[in-house]
Amino acid sequence: MKAIEIRNKYLKFFENHGHKIIKSAPLIPENDPSVLFTTAGMQPLVPYLLGQKHPEGQRLTDYQKCVRTVDIDEVGDNRHLTYFEMLGNWSLGDYFKEESIQMSFDFLTKELGIPVEKLSVTCFKGDEDAPRDEITAECWKKAGIKEENIYYFGKEDNWWIAGEEGPCGTDTEMFYDTGKPKCSKNCNPSCNCGKYVEIWNNVFMEYFKGKDGKYTKLQQKNVDTGLGLERMAMLLQGKETPYETELFKPVMDKIEELQKVDDINSRRIVAEHLRSSMMIISDGGRPSNIDRGYILRRLIRRMIRHMNKLQIDLEQISTLIDLNVESLKEMYPELVNNKEQIKNVILEEKDKFVKTLEHGEKEFQKEMNKTRELNQNIINGKVVFKLYDTYGFPPEVTEELARENGFEIDKEEFKKLFKEHQEKSRLGSEQKFKGGLASTGEIETKYHTATHLLNAALKKVLGNHVHQRGSNITADRMRFDFSHDSKMTEEEKKQVEDLVNKYIEMAIPVEKLEMSKDEAIAMGAEAMFLDKYGERVTVYKIGDISLELCGGPHVENTKDIGKFKIKKEESSSSGVRRIKAVIE
Ligand code: SER
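Per this note's numbering, the very first residue in the sequence shown carries number 723; after that it's consecutive.
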């Protein structure tokens, strides 16, 4: 059975049982800054699990796009995915254990045709917070599960909460027996040997865990269930991994066809990270150096490194995206409209990374050899930091590179250096303020940073031919000259202005970096008079919006700038336009 058929059957089944079908929420949570991505179908429903009335009623069902990144480094094995789809059904203070279990049992055995002997279930064994869940076990027996296939486990297995606090409760998990032999006498569903595969989790949410770690009763009893679609498709199709299902097969085959070096793990990483990145970008995610943007950056950069390992021409990313849109569009029609954008974002990120990737890998090789000569196997944190700071290597990528060569990295030292570096750039700008740099007061400093943002925004709106040709700042206004042939339209001006204000609102930290001129060029830094600078240069980095050689000073964070307004756009000289702008 194809994944889409399983999804359709599921929604229909629950609709027939009085549930309203609701839409998948975006992967990027709308009103929840506490999480990076939607990680479960219940997440967008939290207010309703806590008692608010849902406009569609008390019985809901949906398919939810989810991204979980805790296991990102495990991707490449036969089961971990960062993106997956969760089918769910909810009772918001309506049915509870008995009905929920009966519906799950019927769906698995009647709709999907899974023989009852292949099913095992687990229940909560009880502790000081909640009693042993014999009611759940009784319901399973009544539905038709044999007593010997019912297991009891503790909180680590049979208690569910998203994160540290929130609605939670005991759960009952359903497992599919793949028919493999038991790995030991004690082999049971909590074992990871691959005999038992978890397919569905029904959470009986009747508690709330507070910040203080204490449990209180919720005002209503809820059910929250989640069934992993990729896994279910894999099992019903008799496959060993999700990569052999129709969701990944076309792209996996293409990667195999394009590769010059064979490596199954790398193929899986490329296929998985590509799908995940596409889904995140399609829902509005963009690569950056913080939070969810950083996860996306990691996914894309790791994918690129593994394409290199397979010796696949990176231009083929475009082909792989086309192919993925084709094989996924029935499930996610939004990918069709967003295809060009997805391509642009991934290819732009690729361009950024390849500029430094080769140099970075060489640097890594050199350092690895040094480490080896010293008869050590831990790569210095300074090296990890340099690879991050100068060559854009996410530390996780360096770690993976190290492991492939039998080395480890000094993570603690990296973290320390990273912190120190953040601290330094903060202190640096504070001291400058104190010194009151001759003619550079607070307001001029703001204009300086605004100039970098304007330069970046002009490039975005008008194109990459835009470069700074001159600038002049007073306490009252900024003037900025740049290469561009034609008069800007009202709309372009508005777009540029809005974009600068957006960057300001994004509250991006402004970092001061020092490096050699060559490194700055390799990183693609903007520079007006390259020859003017000495061998060591200062580069100001504003998230991934702007990277410019500059003496500063700059504000610490773009949010310190205020509101940006374009006053005038005019010709300066042939092929050069001039913008006058103010900060309010
Ligand atoms: N919230 C539970 C889970 O993620 C059930 O949907 O497993």
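Yeah, the Cβ is synthetic: ideal placement off N, Cα and C, and Gly gets one too.
Worksheet item: Which full runs of the alpha helix (DSSP H) of 4+ residues lie inside the stretch 949-999, going along the chain?
Response: 951-958 and 971-980
Worksheet entry | For A852, the first and last residue of its enclosing alpha helix (DSSP H) | Here A852 belongs to no alpha helix (DSSP H), and DSSP marks it neither H nor E.
Discussion item. Residues in the same chain with beta-carbon distance under 8 angstroms from G1157, minus the five sequence neighbours each way, listed in chain order, please.
Written reply: Only weak support is given to the placement of G1157: the predicted model assigns it a pLDDT of 27, under 50, and the value that follows is read from those uncertain coordinates. So the list is empty, once near-sequence residues are dropped.
Worksheet entry | Cβ neighbour criterion (16 or more within 10 Å) applied to N1046 | buried
Worksheet entry | Near ligand 1: D855 beta-carbon under 7 angstroms from a heavy atom | no
Fill in: R1258 versus V1119 - alpha carbon distance
27 angstroms
Worksheet item: Near K1154, what residues of its chain come up, given a Cβ to Cβ distance below 6 angstroms and the 5 sequence neighbours on each side ignored?
Response: Only weak support exists for where K1154 lies, its pLDDT of 34 falling under 50; the value from the coordinates is given anyway. Excluding residues within five positions, the ones whose Cβ falls inside 6 angstroms are P1275.
Worksheet item: Which residues in the same chain have their Cβ closer than 6 angstroms to the Cβ of N871, if we skip the five residues on either side of it in sequence?
Response: S842
Item to complete: Note down the Cα distance separating V973 from I1034, rounded to an integer number of angstroms.
Response: 13 angstroms
Discussion item. Judging by CA-CA distance, which residue of Y929, R790 and P903 is the nearest neighbour of D851?
Written reply: Y929
Discussion item. Relative to the C-alpha of I1243, which candidate in A1229, L1269 and Y1225 has its C-alpha closest?
Written reply: L1269
Item to complete: Flag this pair as yes or no: are the beta carbons of G1103 and L1139 separated by less than 8 angstroms?
Response: yes
Worksheet item: Is M764 near ligand 1, in the sense that its beta carbon is under 7 angstroms from a heavy atom of that ligand?
Response: yes
Worksheet item: Is the number of C-beta pairs between the stretch 946-958 and the stretch 905-924 that are closer than 8 angstroms three or more?
Response: yes
Practice prompt. Work out the CA separation of F1136 and D795 for me, nearest whole Å.
Written response: 18 angstroms
Item to complete: Check the DSSP bridge columns for T1260 and list the partner residues they point to.
Response: E1236
Worksheet item: Thinking C-alpha only, which one of L1175, L1123, I1022 and K734 is nearest V1218?
Response: L1175
Practice prompt. Give every residue of the same chain whose Cβ lies closer than 7 angstroms to the Cβ of G1150, excluding the five residues on either side of it in the sequence, and list them in chain order.
Written response: Residue placement at G1150 cannot be trusted, given a pLDDT of 48 that sits under 50; what the coordinates show is reported in the next sentence. K1234.
Discussion item. For the alpha helix (DSSP H) containing V1067, name the first residue and the last one.
Written reply: E1056 to E1095
Item to complete: Count the other C-beta atoms from every protein chain shown that fall within 10 angstroms of the C-beta of C1272, then say buried if there are 16 or more, exposed otherwise.
Response: buried
Worksheet item: Are F1286 and V1222 closer than 8 angstroms when you measure CB to CB?
Response: yes
Practice prompt. Given a cut-off of 8 angstroms, decide if V1067 and I1003 are closer than it, judged by their beta-carbon atoms.
Written response: yes
Discussion item. Under DSSP, the beta strand (DSSP E) around V919 begins and ends at which residues?
Written reply: Y918 to K931
Worksheet item: Taking three-plus beta-carbon pairs below 8 angstroms as touching, is the stretch 1224-1238 in contact with the stretch 1200-1210?
Response: no
Discussion item. To the nearest angstrom, how far is the alpha carbon of E1056 from that of E856?
Written reply: 44 angstroms
Fill in: Bounding residues of the beta strand (DSSP E) (the contiguous stretch that carries P889)
G888 to D899
Fill in: Neighbourhood of L1159 by C-beta, 8 angstroms cutoff - its chain only, sequence neighbours within 5 removed
With a pLDDT of only 31 at L1159, under 50, the local geometry of the prediction cannot be trusted, and the value read off the model is given with reservation. Once the five neighbours on either side are set aside, the close Cβ partners of L1159 are P1275.
Practice prompt. Alpha carbon to alpha carbon, how far is I1283 from E1152? Give it in angstroms, no decimals.
Written response: Only weak support is given to the placement of E1152: the predicted model assigns it a pLDDT of 41, under 50, and the value that follows is read from those uncertain coordinates. About 15 angstroms.
Discussion item. Is the separation between the beta-carbon of D784 and that of G810 shorter than 8 angstroms?
Written reply: yes
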